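Here the sequence shown is numbered in this note's numbering, starting from 1338 and rising by one per residue.
Here a beta-carbon is modelled for each residue, glycine too, at the ideal position from N, C-alpha and C.
Remember, it's a predicted structure, so these values are computed and weren't measured experimentally.
Following: one structure in structure tokens, then a few remarks.
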Amino acid sequence: MIVALISSCGSPGLGDRFTLRLGSWVTIEGEGFRLAYESVRDERCPRDGQCAQAGRAIVTMSYVKPPENTRGTFMMDAVAPRPTVIEGYRIDVLDLSPNGDFLTMLLNRNVS
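Following this line, the structure appears as structure tokens:
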């Protein structure tokens, strides 16, 4: 089973772009923060379609944060992405594959 697809070997670190396959988990190196791409409700306009709106694609993510193993679930819109802040981390959606099987994102510490 592939856990994460990234441009280099090993787990991604903070600030690394990484891609998750639907149903997989990734652990952020040096943080222990785990993130999963659980599901997608894909209502995007078809690639060759002509739609009045782009539609939306709502992805459901889960996380586990050490050392208390705090767990949670949240949703993000991959069509009109806005940064999501969870447990002190900023999560940005960068891309969702046309079939919804792969989600590319970026995770950093939140600095607000």
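{"query": "In the structure shown, what three-state DSSP assignment does residue 1340 receive?", "result": "Confidence at residue 1340 is low in this model, with a pLDDT of 42, below 50, so the placement of that residue should be treated as unreliable; the coordinate-derived value is given next. If DSSP states are grouped into helix, strand and coil, residue 1340 belongs with coil."}
{"query": "What separation, rounded to the nearest whole angstrom, lies between the Cα atoms of residue 1338 and residue 1361?", "result": "Low confidence applies here, because residue 1338 scores a pLDDT of 38, under 50, leaving its location unreliable and the question unanswered by this model."}
{"query": "Cβ of residue 1436 within 9 Å of Cβ of residue 1351?", "result": "no"}
{"query": "Is it the case that the Cβ atoms of residue 1379 and residue 1391 are separated by a distance below 9 Å?", "result": "no"}
{"query": "Run through the region 1358 to 1432 for me and flag every whole beta strand (DSSP E) of 3 or more residues, listed as ranges in chain order.", "result": "1362 to 1364, 1371 to 1379, 1394 to 1402, 1407 to 1414 and 1421 to 1423"}
{"query": "Would you kindly work out how many angstroms separate the C-alpha atoms of residue 1342 and residue 1357, rounded to a whole number?", "result": "Only weak support is given to the placement of residue 1342: the predicted model assigns it a pLDDT of 47, under 50, and the question is left unresolved by the model."}
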